[in-house]
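In our numbering, the protein residues as written are 288 to 578.
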């Protein structure tokens, strides 16, 4: 793909060396790099093995490619907030990004039964809609209610599901294979990374007190608090670790759909190599510049 070649050719050795010995330059370089990585992921999701998938993806593969598309869409949004110096919104967006990447890796390594279970657990809220309809909820007499109901019915029909198709999912508490996310995480990544990444990220969407301390309050000397109405600027620590989780499912996906193009795999390995360089040099420079 020409898009990929245009991205890679920018990163000459001289260009990289010029930006990795100053914290300010490193952050500028990182913002451009992550934007390019999102474009690389976008390109990869548009690659298809026409012999294996001549017209589109099956119900077994569609959930995976859907998650991979969600990853690069979220990454593009994160980069946009990176450029706006808004670390708070980045922290909110990173959680679904990591969850999507980890889940994609897990599904690629699983069989059709697991992928069907993944699809079925997504119907929990939609089945509630059907129950509310039967209970006589007047909302479903409105145009909005009718549109919502039609959407649910069409999705169930697509997969030949009905209200009795979800006994196992109810038994497992609507969790994928009855597992919480930590159990899924440690099957595809080092479980030691969970607490400092996804575990901390979860605070951003759960109205956490510690999250408010980090982003929304200023602590006074007498241990009282004032509002902090500004946004904190990010640094590359937000994405160097996260990108480790993101890159893996794209590699797995290429193997899964039978794409043997070494060039694409080399590009994904290049992403890992540059990301590692950023992490190492950031670690050195942060101590020097910030004491």
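Cβ atoms here follow ideal geometry from the backbone N, Cα and C, with glycine treated the same way.
As the structure is a prediction and not an experimental result, all values here were calculated from the model.
{"Check": "Would you mind sorting residue 505 into buried or exposed? The rule is 16 or more other CB atoms within 10 Å of its CB.", "Outcome": "exposed"}
{"Check": "Which term fits residue 498, buried or exposed, when burial requires 16 or more other beta carbons within 10 angstroms of its beta carbon?", "Outcome": "buried"}
{"Check": "Among residues of its own chain, excluding the 5 on either side of residue 528, which ones have a beta-carbon nearer than 7 Å to its beta-carbon?", "Outcome": "484"}
{"Check": "Taking the alpha carbon of residue 351 as the point to measure from, which residue in 302, 288, 313, 406 has its own alpha carbon closest?", "Outcome": "406"}
{"Check": "Less than 8 Å between C-beta atoms, sequence neighbours within five positions excluded: which residues of the same chain meet that for residue 521?", "Outcome": "368, 369, 372, 373, 374, 377"}
{"Check": "Taking only three categories from DSSP, how would you classify residue 515?", "Outcome": "coil"}
{"Check": "In the DSSP assignment, what are the bridge partners of residue 505?", "Outcome": "513"}
{"Check": "Assuming residue 391 and residue 362 form a contact by the criterion Cβ under 8 Å, report the distance between their Cβ atoms to the nearest whole angstrom.", "Outcome": "13 Å between Cβ atoms; not a contact."}
{"Check": "Using only the alpha-carbon positions, how far apart do residue 541 and residue 511 sit?", "Outcome": "53 Å"}
{"Check": "Can you say whether residue 339 is buried or exposed, counting buried as having 16 or more other CB atoms within 10 angstroms of its CB?", "Outcome": "exposed"}
{"Check": "I'd like to check one pair, residue 310 with residue 572: are the Cβ atoms closer than 7 Å?", "Outcome": "yes"}
{"Check": "Residue 302: buried (16+ other C-beta within 10 angstroms of its C-beta) or exposed?", "Outcome": "exposed"}
{"Check": "Could you pull out every residue in the same chain whose Cβ sits closer than 8 Å to the Cβ of residue 364, ignoring the five residues on either side in sequence?", "Outcome": "380"}
{"Check": "Could you name the residues of the same chain whose beta carbon sits closer than 6 Å to that of residue 472, not counting the 5 residues immediately before and after it, in chain order?", "Outcome": "389, 481"}
{"Check": "What are the start and end residues of the alpha helix (DSSP H) that includes residue 469?", "Outcome": "468 to 475"}
{"Check": "Within 10 angstroms of its Cβ, does residue 359 collect 16 or more other Cβ (buried), or is it exposed?", "Outcome": "buried"}
{"Check": "From residue 327 to residue 554, what distance separates their C-alpha atoms?", "Outcome": "8 Å"}
{"Check": "Look at the alpha carbon of residue 440 and the alpha carbon of residue 544, and state the distance between them as a whole number of angstroms.", "Outcome": "31 Å"}
{"Check": "Exposed or buried, residue 418, counting other C-beta atoms within 10 Å across all chains shown (16 or more means buried)?", "Outcome": "exposed"}
{"Check": "Going by C-alpha to C-alpha distance, which of 532, 534, 411, 450 sits closest to residue 461?", "Outcome": "411"}
{"Check": "By DSSP, does residue 448 sit in helix, in strand, or in coil?", "Outcome": "coil"}
{"Check": "With distance defined between alpha-carbon atoms, name the residue in 513, 404, 431, 468 nearest to residue 457.", "Outcome": "404"}
{"Check": "Check whether the Cβ atoms of residue 316 and residue 306 sit closer than 7 Å, and answer yes or no.", "Outcome": "yes"}
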